[in-house]
Amino acid sequence: MSVLTKKDIEQVDLPRMSDEALLSSSLEGNLVAFDLLVDRYYDRLYGYLIRFLKDSDTAEDLLQETFLRVWRKRAEFKNIASFSTWIYTIAGNLARSEWRRRKRWRMLRIGPSRNEEEAAIELPDAGIGPDLIVENRVAIEELTKEVHKLPDRYREVVILRDIQGMTYEEIAGIVQVPVGTVKSRLNRGRLILQEKLGKWHEST
Amino acid sequence: MKVRRSSTFCELVAESFSAYLDRSLPASVEQEIAAHLDQCPECLQRLEEMKTLIADLYGLGGIEAAPELAWSVKRAVRRLAQRQADAPVLRPIPFLASAAAAAVVLVLVSVGSGPEDASLDQHAAGSSEMQVTQNPRWERYVLPAQVGEENVPSLFDQQAAAGDTSTIREPSRIRGARAVRF
Chain A
33 MSVLTKKDIE QVDLPRMSDE ALLSSSLEGN LVAFDLLVDR YYDRLYGYLI
83 RFLKDSDTAE DLLQETFLRV WRKRAEFKNI ASFSTWIYTI AGNLARSEWR
133 RRKRWRMLRI GPSRNEEEAA IELPDAGIGP DLIVENRVAI EELTKEVHKL
183 PDRYREVVIL RDIQGMTYEE IAGIVQVPVG TVKSRLNRGR LILQEKLGKW
233 HEST
Chain B
26 MKVRRSSTFC ELVAESFSAY LDRSLPASVE QEIAAHLDQC PECLQRLEEM
76 KTLIADLYGL GGIEAAPELA WSVKRAVRRL AQRQADAPVL RPIPFLASAA
126 AAAVVLVLVS VGSGPEDASL DQHAAGSSEM QVTQNPRWER YVLPAQVGEE
176 NVPSLFDQQA AAGDTSTIRE PSRIRGARAV RF
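For the record, the sequence lines run as chains A and B.
The numbering of the first sequence is my numbering, which starts it at 33 and goes up by one.
The numbering of the second sequence is my numbering, which starts it at 26 and goes up by one.
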């Protein structure tokens, strides 16, 4: 009869552990604990990044970079914020940097260029299925396109609140602005979407 | 209650839709907006449209990433962890480096100040040698390392924090070592 060691028992308990406890375990070199964090967050973070950047390749790259940074900086995590807020902050900072970099390139581009606003939205098919509340695929694509056209500061809070279902407090921690600012940006973003989609519905 | 109906007030109401739906407005303001909505079909329609929009946005969620993506991330983390663990065992020598720097300074000062300061040099060299021999850890120290990841926590930090200095190593700060960024 085999005897379970303390380490074996810890591994069995890992799925029940909090994010913070898993991160703490990974500090001792436990890669299985870190794998569980990847399993818990890769989907959500990928959704956030792809909606922010509208580019699946870059979203995949930044997703990987996010987890590598978490691994490198895991000793710096302080329990002031939740792990969720922390990892979203890292992903958000990467996404914003990438977005700014793209903006600079767009400004520097000379001559006729690909109009990214009109470009086809590159989303994996897996996300557009029968579970969606909006049934009309054209409407979904239009809505996705309009979300992407929102100014950065509005787009980010709309994605985090209305698509990812985060609380205002979590968003304030990720975006690093006061809760009141999150609320006003969200409202403004929604009103812009409403206006744009209203015009789109009228035209169709 | 007198219900105002003007385009300006309608805009003001629209600006408060999110807070109204969240029930986070003061009770008096909420009542005023509710009264306005009873009287203003345009605003009521905009509010209903916003509710639909929020539901539609929520419906956009749930992009499923391919499971291979999670595996790819895990493999990348393992490679990084392996590189950190496999890096050559070189150890920092902060105290010895400081002592050497101090000795160089003292030698330079003594060259400039003449033979009357020679006893000071000897004293300094002697005291520094005495400190080194008092702590066997310093014997393992080598030059302080530098790779472009100054704020990266490392196995060195973790082991040192845990008080484990038996296999202490600092791969990410070794001079000339490859940076572990992907």
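Glycine is no exception: its CB is placed at the ideal position from the N, C-alpha and C atoms.
Looking at Glu-178(A), Arg-187(A), Ser-216(A), Val-211(A), the one whose alpha-carbon comes closest to that of Ala-127(A) is Arg-187(A).
Residue Gln-196(A) holds the alpha-carbon nearest to the alpha-carbon of Ser-116(A) among Leu-225(A), Gln-196(A), Val-209(A).
In the DSSP assignment, Val-190(A) falls within the unbroken alpha helix (DSSP H) covering 184-190. Interface annotation, Arg-103(B): in contact with chain A, CB-CB separation under 8 Å. Contact annotation: Leu-218(A) and Val-190(A) have beta-carbon atoms nearer than 8 Å. Within its own chain, the residues whose Cβ lies closer than 8 Å to the Cβ of Phe-34(B), once the five positions on either side in sequence are excluded, are His-61, listed in chain order. DSSP, read as helix, strand or coil, puts Arg-48(B) in coil. Nearest CB-CB separation between Arg-71(B) and chain A: below the 8 Å threshold.
The Cβ of Gly-197(A) sits closer than 8 Å to at least one Cβ of chain B.
Nearest to Lys-86(A) by C-alpha distance, out of Val-211(A), Ala-107(A), Thr-98(A), Lys-181(A), is Lys-181(A).
By the rule that beta-carbons nearer than 8 Å mark a contact, Val-189(A) does not touch chain B. Chain-ordered, the chain A residues with CB closer than 9 Å to the CB of Glu-74(B) read Gln-226, Leu-229, Gly-230.
What Lys-215(A) touches in chain B, judged by beta-carbon distance under 7 Å, is Ser-43, Ala-44, going in chain order. Close CB contacts of Leu-55(A) within its chain, under the 7 Å cut and outside five residues either way in sequence, are with Leu-69, Arg-106, Phe-109, Phe-115 (chain order).
Residue range 92-111 is occupied by the alpha helix (DSSP H) that includes Asp-111(B). In the DSSP assignment, Pro-66(B) falls within the unbroken alpha helix (DSSP H) covering 66-85. In the structure shown, Thr-213(A) falls within a helical segment according to DSSP collapsed to helix, strand and coil. Three or more Cβ pairs drawn from the region 42-52 of chain B and the region 72-81 of chain B lie within less than 8 Å of each other, which places the two stretches in contact.
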